[in-house]
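Colleague:
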Amino acid sequence: MVVSHRTVRTEQADLRLSQSSGSGLPIVLIHGSGSSRAVFARQFDSPLAAAHRLIAFDLPGHGESSDARDPANAYTVAGLAQSAAQLLDIMGIDRAVVFGWSLGGHVAIELASFHRAVAGLMLTGAPPVSKGPFGMLRGFHAHWDMLLASKKTYSERDAERFETLCFGDTADPSFRQVILRTDGRLRAAVTRGMFTGKGADQKQVVEQAAFPVAIVNGENDPFVRLGYFETLAYGSLWEHCHVISGAGHAPFWEHPDLFNPLLVRFVDSVVMHGVDETMLARRRTKIG
Numbered sequence: 001m002v003v004s005h006r007t008v009r010t011e012q013a014d015l016r017l018s019q020s021s022g023s024g025l026p027i028v029l030i031h032g033s034g035s036s037r038a039v040f041a042r043q044f045d046s047p048l049a050a051a052h053r054l055i056a057f058d059l060p061g062h063g064e065s066s067d068a069r070d071p072a073n074a075y076t077v078a079g080l081a082q083s084a085a086q087l088l089d090i091m092g093i094d095r096a097v098v099f100g101w102s103l104g105g106h107v108a109i110e111l112a113s114f115h116r117a118v119a120g121l122m123l124t125g126a127p128p129v130s131k132g133p134f135g136m137l138r139g140f141h142a143h144w145d146m147l148l149a150s151k152k153t154y155s156e157r158d159a160e161r162f163e164t165l166c167f168g169d170t171a172d173p174s175f176r177q178v179i180l181r182t183d184g185r186l187r188a189a190v191t192r193g194m195f196t197g198k199g200a201d202q203k204q205v206v207e208q209a210a211f212p213v214a215i216v217n218g219e220n221d222p223f224v225r226l227g228y229f230e231t232l233a234y235g236s237l238w239e240h241c242h243v244i245s246g247a248g249h250a251p252f253w254e255h256p257d258l259f260n261p262l263l264v265r266f267v268d269s270v271v272m273h274g275v276d277e278t279m280l281a282r283r284r285t286k287i288g
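The opening position of the sequence shown corresponds to residue 1 in full-length UniProt numbering, with each subsequent residue numbered one higher.
(1) Give the straight-line distance between the Cα atoms of M194 and G24, rounded to the nearest whole angstrom.
(2) Hey, how far is the Cα of H273 from the Cα of V264?
(3) Could you say which of I27, P222, H141 and A51 lies nearest to A118 if we only look at CA atoms?
(4) Would you give the residue range spanned by the beta strand (DSSP E) that M122 belongs to?
(5) In chain order, which continuous runs of the alpha helix (DSSP H) of length 4 or greater are located wholly inside the stretch 226-256?
(6) Between the C-alpha atoms of F44 and A247, what's the straight-line distance to the nearest angstrom?
(7) Assuming contact is defined by CB atoms lying nearer than 8 angstroms, are W101 and I30 in contact in what I supplied?
(8) Which same chain residues end up closer than 6 angstroms to V270 when comparing Cβ atoms and leaving out the 5 residues on each side of it in sequence?
(9) Under a three-way DSSP split, which group does T170 fall into?
(10) Where does the unbroken alpha helix (DSSP H) through A51 begin, and where does it stop?
(11) Measuring alpha carbon to alpha carbon, tell me which of Q19, D14, E11 and Q86 ends up nearest V3.
(12) Measuring only the C-alpha atoms, how far is G125 from D221?
(13) Can you list, in chain order, the residues of its chain whose CB lies under 8 angstroms from that of L17, leaving out five sequence neighbours each side?
(14) Measuring only the C-alpha atoms, how far is R69 from E160?
(15) Per the contact definition of three or more C-beta pairs closer than 8 angstroms, is the stretch 234-248 in contact with the stretch 181-196?
(16) Among N217, R181 and E239, whose alpha-carbon lies nearest the alpha-carbon of W253?
(17) Report the rounded CA-to-CA distance for L137 versus I215, giving the unit in angstroms.
(18) My assumption, with CB atoms under 8 angstroms, is that A209 sits in contact with S236. Please give the rounded CB distance.
(19) Considering only the beta carbon of each residue, do A233 and E207 sit closer than 8 angstroms?
(20) With a threshold of 16 other CB atoms inside 10 Å of the CB of L48, please say whether the residue is buried or exposed.
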């Protein structure tokens, strides 16, 4: 199994990505605010990368990607989803499972609202909330630490606190610098956009999804209200809302031994869902 790296130029930013040489259904991994594709190292170091084409990229303003050329439009959930969509189109990906973590989960939901390539959606630390402030308050805990999500300029102390909130005491030594590298204009713009209700109604997207939707959260996530996920009227929820014991905001990093098998099972179910849909379409064609 080989992991390759390249930079793809999109309208808003030059996106740095990594992909594995696996031949199975592509799995697109979208990281959270203040992070980078490096957070998925424990998926790339697993059998997943040999079985499937893992694709992880740095969002605009993050990691090794460039800052946005037009921050006002690019640094919204909708703008980030458009960049992701362009990346998929350039790479010729017409069907994939998309896993989104935290901000990346909201980007993934937005992407799923308009891009046909999304065959399955897995979310971690990203409650699908209705538009506006009341939706946000239902899905997220309201406490002072949440202000870090919208703070434009981070001090070293801010970066340390945000790192702890995201990873507990499990962070890689490189994560602090990745947090400090992030374009702070994005944090303020994304939070403002979610509170003002721009973009798709994420609750509706998830509830009305025709493709399988998986929910996997950490038991001790400091940001999200786990009970909120149980209130949604899912149309195609995979199994049930999974909670990984002892994990925080990033269970795929903290407990890959528990998370990765869930992702494998989910991808297998998406593949079978696609087979079933194809067979049903053929039957309809014959009947017609």
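Note that CB positions come from ideal geometry on N, CA and C, so glycine has one too.
Modeller: With the given structure in hand:
(1) Taking the first residue of the sequence shown as 1, we reach residue 194 at position 194. Taking the first residue of the sequence shown as 1, we reach residue 24 at position 24. So the alpha carbons of these two residues sit roughly 34 angstroms apart.
(2) Taking the sequence shown and counting its residues from 1, one reaches residue 273 at position 273. Taking the sequence shown and counting its residues from 1, one reaches residue 264 at position 264. Answer to the nearest angstrom: the Cα atoms are 14 angstroms apart.
(3) Here residue 118 corresponds to residue number 118 of the sequence shown, with the count starting at 1. Residue 118 is actually Val in this sequence, not Ala. The shortest Cα separation from V118 among I27, P222, H141 and A51 belongs to I27.
(4) Position 122 of the sequence shown holds residue 122. Note, M122: beta strand (DSSP E), V118 to T124.
(5) 226-229 and 251-254
(6) Walking along the sequence shown from the start, residue 44 turns up at place 44. Walking along the sequence shown from the start, residue 247 turns up at place 247. Approximately 20 angstroms, taken between the alpha carbons.
(7) Position 101 of the sequence shown, counted from the start, is the residue given in the question as residue 101. Position 30 of the sequence shown, counted from the start, is the residue given in the question as residue 30. Yes; because the gap between Cβ atoms is below 8 angstroms, this pair is in contact.
(8) As a position in the sequence shown, residue 270 is number 270, starting the count at 1. Excluding residues within five positions, the ones whose Cβ falls inside 6 angstroms are V97, A119, G120 and P212.
(9) Position 170 of the sequence shown, counted from the start, is the residue given in the question as residue 170. DSSP places T170 in coil when its eight states are reduced to three.
(10) For the purposes of this step, residue 51 is identified with residue 51 of the sequence shown, where counting begins at 1. Where A51 is concerned, the enclosing alpha helix (DSSP H) stretches over L48 to A51.
(11) As a position in the sequence shown, residue 3 is number 3, starting the count at 1. The shortest C-alpha separation from V3 is found at Q19.
(12) In the sequence shown, residue 125 corresponds to position 125, counting from 1. In the sequence shown, residue 221 corresponds to position 221, counting from 1. When rounded, the distance between both Cα atoms is 7 angstroms.
(13) Translated into the one-based positions of the sequence shown, residue 17 becomes position 17. In chain order, H5, R6, T7, V8, R37, I55, A56, F57, D58 and L87 place their CB closer than 8 angstroms to the CB of L17, counting only its own chain and leaving out the 5 sequence neighbours on each side.
(14) Residue mapping note: residue 69 aligns to position 69 of the sequence shown, counting from 1. Residue mapping note: residue 160 aligns to position 160 of the sequence shown, counting from 1. About 28 angstroms.
(15) Verdict: no, contact absent.
(16) Your numbering for residue 253 matches position 253 in the sequence shown. Nearest to W253 by C-alpha distance, out of N217, R181 and E239, is N217.
(17) Taking the sequence shown and counting its residues from 1, one reaches residue 137 at position 137. Taking the sequence shown and counting its residues from 1, one reaches residue 215 at position 215. Distance between the alpha carbons of L137 and I215 is about 19 angstroms.
(18) As a position in the sequence shown, residue 209 is number 209, starting the count at 1. As a position in the sequence shown, residue 236 is number 236, starting the count at 1. So it is a contact: roughly 5 angstroms between Cβ atoms.
(19) Taking the sequence shown and counting its residues from 1, the one referred to as residue 233 is at position 233. Taking the sequence shown and counting its residues from 1, the one referred to as residue 207 is at position 207. Going by C-beta atoms, A233 is nearer than 8 angstroms to E207.
(20) Position 48 of the sequence shown holds residue 48. L48 comes out buried.
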